[in-house]
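Report on the following structure.
Residue numbers (our numbering): 15 to 270.
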């Protein structure tokens, strides 16, 4: 009797070994949390290096960007800008403050308006679906302007109230600004969350368009990292609770 009692006590009070599956789960949980932190924090750092946030103060880019919208603009050199891009630039003769406009012509292009109600670049009519519905491509008209090499011709999407290149046609550069004035290229409207800007496909007949920046990859890294951290961190409590339930069921079955 005494021997049996001693053996039973040892069996009940001895150290329980963690099952191999449990140890594997703990390792995978730790890896998921570590990887998630790398992706989450790395995504934010990547975004801070590549993008700059701006608040647009006017309606000159409506409906693409409204007054008060918060945009994310990729830091680029002016040499990387192509037709159709929406850019942030600062030019002394335009007020020396950051402004947001759309590039409609680059160095060497001949721009004019309007032919059959459309803007023309190098004699080609440009389809501009981003303009306010039912509005004209330009109300005041644009005489034929040849853009100097290294410069850009810029217009607002809201042509009726935009102080853009048409307001500076009498300047020495015929309303154009140098590429060096560009600070960034707008990729998306972050607030409200309207997402990535539409592709300016009307300019494709004149040459290649700019490729979108890495914003979708950055957002994916941040969101994926957050999910891995939450999932990995939740494994421990869930596994322990499941283990306790399993032991309780085993003890109950043994008691019966």
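Glycine included, C-beta positions come from ideal geometry on N, C-alpha and C.
Close beta carbons around residue i, own chain, < 7 Å, minus the five adjacent residues each side
| i | result |
| --- | --- |
| residue 45 | none |
| residue 184 | none |
| residue 79 | 70, 85, 114 and 203 |
| residue 121 | 161, 162, 163, 164 and 165 |
| residue 211 | 78, 100, 200, 201 and 202 |
| residue 142 | 133, 151 and 216 |
| residue 88 | 64, 65, 198, 199, 201 and 227 |
| residue 72 | 81 |
| residue 131 | 150 and 151 |
| residue 190 | 161, 162, 165, 166, 167 and 179 |
| residue 172 | 73, 74, 75, 76 and 146 |
| residue 57 | 232, 235, 236 and 239 |
Extent of the continuous beta strand (DSSP E) to which residue i belongs
| i | result |
| --- | --- |
| residue 205 | 196-205 |
| residue 132 | 132-135 |
| residue 100 | 100-103 |
Inter-residue CB distance, residue i and residue j (contact presumed, cutoff 8 Å)
| i | j | result |
| --- | --- | --- |
| residue 187 | residue 162 | 6 Å |
| residue 53 | residue 238 | 6 Å |
| residue 117 | residue 137 | With 8 Å as the limit, residue 117 and residue 137 do not qualify as a contact, their Cβ atoms being about 18 Å apart. |
| residue 232 | residue 61 | 5 Å |
| residue 95 | residue 213 | Not confirmed; about 15 Å, so no contact. |
| residue 196 | residue 92 | 4 Å |
| residue 174 | residue 145 | Not a contact, Cβ separation roughly 10 Å. |
| residue 47 | residue 243 | 5 Å |
For residue i, the residue or residues it bridges with in DSSP
| i | result |
| --- | --- |
| residue 88 | 65 and 199 |
| residue 209 | 203 |
| residue 119 | 167 |
| residue 124 | 160 |
| residue 191 | 166 |
| residue 241 | DSSP, once it has assigned bridges, lists no residue as partnering residue 241. |
| residue 147 | DSSP, once it has assigned bridges, lists no residue as partnering residue 147. |
| residue 114 | 102 |
| residue 274 | Outside the shown range of the chain, which is 15 to 270, sits residue 274, and nothing can be said about it. |
| residue 139 | 134 |
Neighbourhood of residue i by C-beta distance below 6 Å, restricted to the same chain and skipping five residues each side
| i | result |
| --- | --- |
| residue 222 | none |
| residue 112 | 102 and 104 |
| residue 178 | 115, 168, 169 and 170 |
| residue 119 | 125, 135, 161 and 167 |
| residue 149 | none |
| residue 229 | 201 and 202 |
| residue 109 | none |
Distance cut-off 7 Å: residue i Cβ against heavy atoms of the ligand NAP
| i | result |
| --- | --- |
| residue 93 | Absence of the ligand NAP from the depicted structure is noted, as is the absence of any ligand whatsoever, leaving it without description. |
Contact set for residue i: own chain, Cβ-Cβ below 8 Å, skip 5 residues either direction
| i | result |
| --- | --- |
| residue 157 | 126 and 183 |
| residue 208 | 83 and 202 |
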